[in-house]
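If you read the sequence shown in the working numbering, its first letter stands for residue 37, the second for the next number, and so on. Quick reminder that beta carbons are idealized off the backbone N, C-alpha and C, glycines included. Remember, predicted model here, so these are calculated numbers, not experimental data. Notes to accompany the following structure.
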Amino acid sequence: MDPLTIATAAFGAIKQGVSIGKELHSLSGQIVKFVKQMSIVEEEHKKEKSKWFTSSNEEALDTYFKLKQVHDMENQLREMFMLYGAPNAWSEFVAIRTDIKKKRIAAIAKKKKEREEFLMFCAYSALAISVIGVLTLLLLNTSLFKN
């Protein structure tokens, strides 16, 4: 299912819950679902797309409107947090979200660096084994010719 559709449905459930007087914390499942799908829409925007049958204009407009729609819903969610949530709830949420994103980016960078280091170790090991093998063959060949 399209992430925008899921985000819209979750946002609708949040709005409906707030309108009938539910607390934001009781709607946390829907809020989590909305934020997750919003992140997916944003990630899809960042990914390079290679659609054969759509023009760059179509793709740009599609992405623009999807992003605009989720950001409008996010702004409405922010307003709900400010009106119906605890004081500074939205600011705390944004700070936590930013911290988690930074940690994930750092973890991905660390994993990438470790992988590169491992591959370099493998390459140097293979090179060292090859050099030792060639030197051994040269030594064996020269010792065989001396006899």
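Is it a yes or a no for the stretch 137-145 touching the stretch 95-114, going by three-plus beta-carbon pairs under 8 Å?
Result no; under three Cβ-Cβ pairs closer than 8 Å.
Gln105 and Leu155 look like a contact to me (Cβ under 8 Å); what is the Cβ gap, rounded to whole Å?
Counting from one through the sequence shown, the residue named residue 105 turns up at place 69. Counting from one through the sequence shown, the residue named residue 155 turns up at place 119. In fact, because the Cβ distance is near 42 Å, the residues do not count as touching under 8 Å.
Give the DSSP-derived three-state secondary structure of Ala164 in the structure shown.
Along the sequence shown, read from residue 1 onward, the residue named residue 164 stands at position 128. In the structure shown, the three-state DSSP call for Ala164 is helix.
I'd like the span of the alpha helix (DSSP H) that includes Asn124, first residue to last.
The residue labelled residue 124 in the question sits at position 88 within the sequence shown. Segment: none, Asn124 is in no alpha helix (DSSP H) and carries neither H nor E.
State whether the stretch 64-81 contacts the stretch 92-103, with contact taken as three or more CB pairs (one from each stretch) at a distance under 8 Å.
Contact annotation: the stretch 64-81 touches the stretch 92-103, with at least three C-beta pairs closer than 8 Å.
So, at 6 Å on beta carbons, what are the nonlocal neighbours of Ala49 in its own chain, with the 5 sequence-adjacent residues on each side left out?
Numbered from 1 along the sequence shown, position 13 holds the residue referred to as residue 49. Residues Gln66 of the same chain have their beta carbon placed closer than 6 Å to that of Ala49, with the five preceding and five following residues left out of the count.
Lys149 - DSSP class collapsed to helix/strand/coil
What you label residue 149 is simply residue 113 of the sequence shown in a count that begins at 1. Helix at Lys149.
Assess contact between the stretch 50-60 and the stretch 119-137, defined as three or more Cβ pairs (one per stretch) separated by less than 8 Å. Is contact present?
The answer is yes - the stretch 119-137 touches the stretch 50-60, with three or more Cβ pairs under 8 Å.
Can you tell which of Thr178, Gly53, Leu171, Asp38 has its C-alpha closest to the C-alpha of Met116?
Your numbering for residue 116 matches position 80 in the sequence shown. When only C-alpha atoms are compared, the closest one is Gly53.
Ala43 beta carbon less than 9 Å from that of Lys83
Counting from 1 along the sequence shown, the entry for residue 83 is found at position 47. Counting from 1 along the sequence shown, the entry for residue 43 is found at position 7. The answer is no: Cβ separation not under 9 Å.
Same chain only: Cβ atoms within 7 Å of Gly121, ignoring 5 sequence neighbours per side:
The residue labelled residue 121 in the question sits at position 85 within the sequence shown. Closer than 7 Å at Cβ, skipping near neighbours: Leu60.
Using three-state DSSP, classify Gly57 as helix, strand or coil.
Numbered from its first residue, the sequence shown carries residue 57 at position 21. Three-state result, Gly57: coil.
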